Amino acid sequence: MSHPPSLKAGERAFNLLLLLLSGGVFYEAYRISGFELPNSAGAFPLLLGAIMIVTMLSILLGQRHHSRPAAGGAFGELRQFLATHFPLPVVLFSLLAVGYLLALPALGFITATALFLLIAQLCLRRGHWISAVLVTVLITAVIYALFTLLFQVYLP
Numbered sequence: 013m014s015h016p017p018s019l020k021a022g023e024r025a026f027n028l029l030l031l032l033l034s035g036g037v038f039y040e041a042y043r044i045s046g047f048e049l050p051n052s053a054g055a056f057p058l059l060l061g062a063i064m065i066v067t068m069l070s071i072l073l074g075q076r077h078h079s080r081p082a083a084g085g086a087f088g089e090l091r092q093f094l095a096t097h098f099p100l101p102v103v104l105f106s107l108l109a110v111g112y113l114l115a116l117p118a119l120g121f122i123t124a125t126a127l128f129l130l131i132a133q134l135c136l137r138r139g140h141w142i143s144a145v146l147v148t149v150l151i152t153a154v155i156y157a158l159f160t161l162l163f164q165v166y167l168p
């Protein structure tokens with residue numbers, strides 16, 4: 013008799029989150045128009061929400077015999093999950109993208125985009141100033157030309 017494989021770090025919690033989101037999909041689908049007729053506007057989304065819930069329940073029931081990952085408790089499992097799914101470049105780029113969105117209203121599109129491209133290249137490519145500046149200038153110029161000349165859109 014074979015033993016079921018152990019779960020990966022955060023797998024059960026992620027599946028519980030997907031079950032909650034599936035319930036949210038089902039609820040929002042019901043809010044569209046209820047379930048008056050099988051061909052009403054909310055029928056197909058309701059069906060998809062129900063399929064998602066049943067699928068997640070079957071996955072969670074199938075995982076009940078799987079052993080937990082060897083991570084040293086809940087905090088060890090969280091640490092392992094974060095290290096696996098959120099390495100430093102991903103976290104850095106995500107924070108940079110949020111900073112870009114926050115800088116857009118204050119700096120304008122062209123300036124914020126140029127700064128975002130430059131900082132992203134310097135961080136993710138570990139230096140290389142000359143090529144980062146050249147690529148930033150080139151891409152920013154192409155974006156500016158596309159929007160102003162081709163699309164005839166004023167960029168703030």
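Under the numbering used here, the residues of the sequence shown are numbered 13 to 168, in order.
Backbone N, C-alpha and C fix where the C-beta goes; we use that ideal spot for every residue, glycine too.
Quick caveat, the model's predicted, so the values are computed rather than measured.
Look at the alpha carbon of residue i and the alpha carbon of residue j, and state the distance between them as a whole number of angstroms.
i: K20; j: V102; result: 20 Å
i: A41; j: F56; result: 8 Å
i: P81; j: L28; result: 16 Å
i: T148; j: W141; result: 10 Å
i: F38; j: S143; result: 50 Å
i: F121; j: R137; result: 23 Å
i: L119; j: F128; result: 11 Å
i: S70; j: L113; result: 40 Å
i: L49; j: L32; result: 26 Å
i: T160; j: T125; result: 15 Å
i: R24; j: L72; result: 7 Å
i: S79; j: P99; result: 25 Å
i: R43; j: G54; result: 8 Å
i: A153; j: V165; result: 15 Å
i: L158; j: L104; result: 29 Å
i: L59; j: H77; result: 29 Å
Is residue i helix, strand or coil when you go by DSSP?
i: R76; result: helix
i: G54; result: coil
i: Y156; result: helix
i: S18; result: coil
i: A39; result: At residue 39 the sequence reads Tyr, which differs from the Ala that was named. Residue state, collapsed to three classes: helix.
i: S165; result: The residue asked about is misnamed: residue 165 is Val in this sequence, not Ser. Note: V165 maps to coil in three-state DSSP.
field: Any 3 or more C-beta pairs closer than 8 Å across the segment 97-109 and the segment 125-144
entry: yes
message: Taking 8 Å as the cut-off, does the segment 54-71 touch the segment 89-105 (at least 3 CB pairs, one atom from each stretch)?
response: no
query: What residue ranges within the segment 61-138 form continuous alpha helix (DSSP H) runs of no fewer than 4 residues, ordered along the chain?
result: 85-97, 100-119 and 121-136
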